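Okay, so the sequence shown: first residue is -1 according to the numbering used here, each after it adds one.
Ideal Cβ placement from N, Cα and C applies to all residues, glycine included.
Computed from a predicted model, the values in this text were never measured in an experiment.
Below is one structure, written out as structure tokens; comments come after it.
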Amino acid sequence: MKMRLFPVIFLIALPGLAQTDWPVYGHDPGGMRHSPLTQITPANVAKLERAWTFHGGRPGSQVTPVVIGGVMYVTAPDAVHALEPETGRELWKYAAPGITRRGLAYWPGATGLHPRLFVSSNTDLLAIDTTTGKLAPGFGNEGKIDMKKGVLGDLADARFAMQSPPAIFKDIVITGSNNNEPAPSQGAYGDVRGWDAKTGKLLWTFHTVPRPGEPGNETWPGDSWKNRSGVNNWGFMTIDVERGLIFVPLGCPTIDFYGADRPGSGLYGNSLVALEAATGKVKWFQQLVHHDLWDYDLAAPPALIEATMNGKKVPAVAQISKMGMLFVFERTTGQPIWGMEERKVPVSKVPREKSAPTQPFPLKPEPLSKMTFTPADLYNVTPEHAAFCKALWENEHMFTEGPYTPMSVEGNAFTYPSTLGGGNWSGVSYDPRLGYVFTNIMNLAQWGHMEERKDPKTGEVTWARTSSAGGTAYGRFWDPSNHIPCQNPPFGELVAVDMKTGNIAWRTPLGTVESLEAKGVHNTGSLNLGGSITTAAGLVFIGAANDAKFRAFDSKTGKELWAAKIDAVGQATPITYQGKDGRQYVVIMAAGGPFWGSPGGDALVAFALPEAAK
-1 MKMRLFPVIF LIALPGLAQT DWPVYGHDPG GMRHSPLTQI TPANVAKLER
49 AWTFHGGRPG SQVTPVVIGG VMYVTAPDAV HALEPETGRE LWKYAAPGIT
99 RRGLAYWPGA TGLHPRLFVS SNTDLLAIDT TTGKLAPGFG NEGKIDMKKG
149 VLGDLADARF AMQSPPAIFK DIVITGSNNN EPAPSQGAYG DVRGWDAKTG
199 KLLWTFHTVP RPGEPGNETW PGDSWKNRSG VNNWGFMTID VERGLIFVPL
249 GCPTIDFYGA DRPGSGLYGN SLVALEAATG KVKWFQQLVH HDLWDYDLAA
299 PPALIEATMN GKKVPAVAQI SKMGMLFVFE RTTGQPIWGM EERKVPVSKV
349 PREKSAPTQP FPLKPEPLSK MTFTPADLYN VTPEHAAFCK ALWENEHMFT
399 EGPYTPMSVE GNAFTYPSTL GGGNWSGVSY DPRLGYVFTN IMNLAQWGHM
449 EERKDPKTGE VTWARTSSAG GTAYGRFWDP SNHIPCQNPP FGELVAVDMK
499 TGNIAWRTPL GTVESLEAKG VHNTGSLNLG GSITTAAGLV FIGAANDAKF
549 RAFDSKTGKE LWAAKIDAVG QATPITYQGK DGRQYVVIMA AGGPFWGSPG
599 GDALVAFALP EAAK
């Protein structure tokens, strides 16, 4: 069959690039993750076969490659690789330590300047010339700039890095950061900054923790703003090129689970912020968690979509949260599309803590993941696991007061979802033909309590979250020997939400638990981490699930159409593109990850239809 392209219904901000490419993390700068390619269809997707495999050499990558002008660019933990997208053959390699594990950004160049790749290496922002595979002369100090300068405050040894690729707006490279999360409270600032893509000159800085004299500083009493770490963009940003806006989701202030030294709402923690991309000035913001005590960062890239508001289609932005709530706002004003309200939540009893009395909830859609729990929800499918879970609940004296249950000094507080979501950095994809947003969610809770600690340097008494699960703060509600959650399934789902109504269109289990499948227990879904993409042929592709399979679903119905075992868990977002040979490829990184005890890998895997099936 011949390759057909649906009419282009979104803008690519990179002039001259073909719609058959995948030129940026989210396919377009607004992060819809939608391809117009239609060679692979619901009718033939089951015929997909492995086309090639590239081994990056080290595990742990969560990369989404980009494909531009006949070349694929992909990061590994210690290198940037240029590959031939039809074969996986390496064209060149740039080696450097601490390379961003989720990808890179492409800048198309300017008069007299070749195109560049922007990626971080530990604390440095690198500019790599795509024609040579070497650092670009004229940018910063011999092709790189030290990003930690200007954000360390009074702390010269504060931690700083960058996990995700920067965003590109015209000739501006916009960066986020990783800093001292979850502790201590003081560390590098989480400032978002814009750099000149040609020279590396710093053009603007948005203080995510407002300094004295800036709007929002009043939400940080006294000097609680000073050297406050967290409040960072460690995930992804998206750009409305037409309106010149960049949408920045931000994490929580440190310490993640105790906020007595930061009373108040603490802007712009846990906020979705719309900035003028040319200047870094705030256009609007919405704080989606007040005074965070649960590590409920906003990590996912906000997807720029269309939604129906008061009977009219409007430009919108969709933000999934770790709480499994999908917030949808009018893009230019920040007004909730279907309404939002503050609801009372449980109050902390930890000494000195002043938790927020209310938290924001969207009126639509309903929460996509589980938020409440009673003992009746304990796992009861197989007797051995059911007995373990009942004993865990009872022996650890767990209790829950519903959504946003804060940690306690007496008994173990049970919070739903865990710090892993709900939703997470993998975010959502969008099918503009259907008007559906798709996201994968997890149903995994955690438990723990607060324990008194003393600062070894100052002797100051503080409180830290812990549990008897190995003495860590993250007591997952599962059997640690097999990572099966202790509530009834589904453990993971793929969910479609109709942006015309705010209603859930369909939901289906995502993944399997092989040990339960062997006992005849099906449709459980699995723990998952990684994103989805859509195509104009009506498909949703996603890996993510802990059974190490790559899947395709019918975007209209949610029916699973195809699944293939890959080398390791695909904790990444896939891509699709058309090669010079006319074949449509679908590619995912299969590198495993540390969260579910899954084996590591280093395989970038490409699938395509057999030549005869095109």
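In the displayed model, W218 falls within coil according to three-state DSSP, outside both helix and strand. Ranking G490, T39 and P106 by CA distance to the CA of A534 puts T39 first.
Taking the Cα of Y266 as reference, the smallest distance to any Cα among G214, A566 and K196 is reached at G214. Annotated three-state conformation of F386 is helix, per DSSP. Counting along the chain, no beta strand (DSSP E) covers L442, and no H or E run does either. Taking all protein chains in view, the Cβ of P488 is crowded by 16 or more other Cβ atoms within 10 Å, so the residue is classified as buried.
By the CB criterion at 8 Å, R463 and M405 fall inside the cutoff. L602 sits in a strand when the DSSP states are folded into three classes. In summary, L89 is exposed, with fewer than 16 beta-carbon neighbours lying within 10 Å of its beta-carbon over all protein chains present. Counting along the chain, S513 sits inside the alpha helix (DSSP H) bounded by residues E512 to E515.
Counting every other CB atom within 10 Å of its CB across the protein chains shown gives L248 a total of 16 or more, marking it as buried. Closest in alpha carbon position to S513, among G523, P27 and T506, is G523. Look at the beta carbons and you see the region 501 to 511 not touching the region 414 to 426: under three pairs across the two are nearer than 8 Å. In this structure, F245 lies near V315, with their beta-carbon atoms less than 8 Å apart. Bridge partners of H53 according to DSSP: A601.
Proximity of the region 193 to 203 to the region 216 to 228 falls short of the contact definition, fewer than three beta-carbon pairs being nearer than 8 Å.
C-alpha of E491 to C-alpha of I335: approximately 24 Å in a straight line. In this chain, the beta strand (DSSP E) harbouring T306 covers A301 to M307. In the DSSP assignment, K563 forms a beta bridge with K547.
Secondary structure at K310: strand, using DSSP grouped into helix, strand and coil.
Contact between the region 337 to 354 and the region 304 to 320 is absent: fewer than three C-beta pairs spanning the two stretches fall below 8 Å. When DSSP reads this structure, K452 sits in a beta bridge with V459.
For P208, the CB contacts under 6 Å within the same chain, skipping 5 residues up- and downstream, are G214 and N215 in chain order. By the neighbour-count criterion, in which 16 or more other beta carbons inside 10 Å mark a residue as buried, D579 falls on the exposed side. In the pairwise beta carbon analysis, the region 146 to 153 is classified as touching the region 180 to 190: at least three pairs are separated by under 8 Å.
Beta-bridge partners of H32 (DSSP): T532. If you compare the alpha carbons of T252, S479 and A275 with that of I237, the shortest gap goes to A275.
A buried status is given to K142, since no fewer than 16 other beta-carbon atoms sit within 10 Å of its beta-carbon.
Residue environment: A411 is assigned as buried (16 or more neighbouring CB atoms within 10 Å of its CB, all protein chains considered). T532 is classed as buried because its beta carbon has at least 16 other beta carbons within 10 Å across all chains shown.
If you compare the alpha carbons of A604, S530, G518 and L527 with that of D565, the shortest gap goes to A604. In this structure, C250 places its C-beta atom within 8 Å of the C-beta atom of G228. In the structure shown, W336 falls within a coil segment according to DSSP collapsed to helix, strand and coil.
Counting along the chain, V117 sits inside the beta strand (DSSP E) bounded by residues R114 to S119.
Just measuring C-alpha positions, the residue of F386, Y414 and V426 sitting nearest T398 is Y414.
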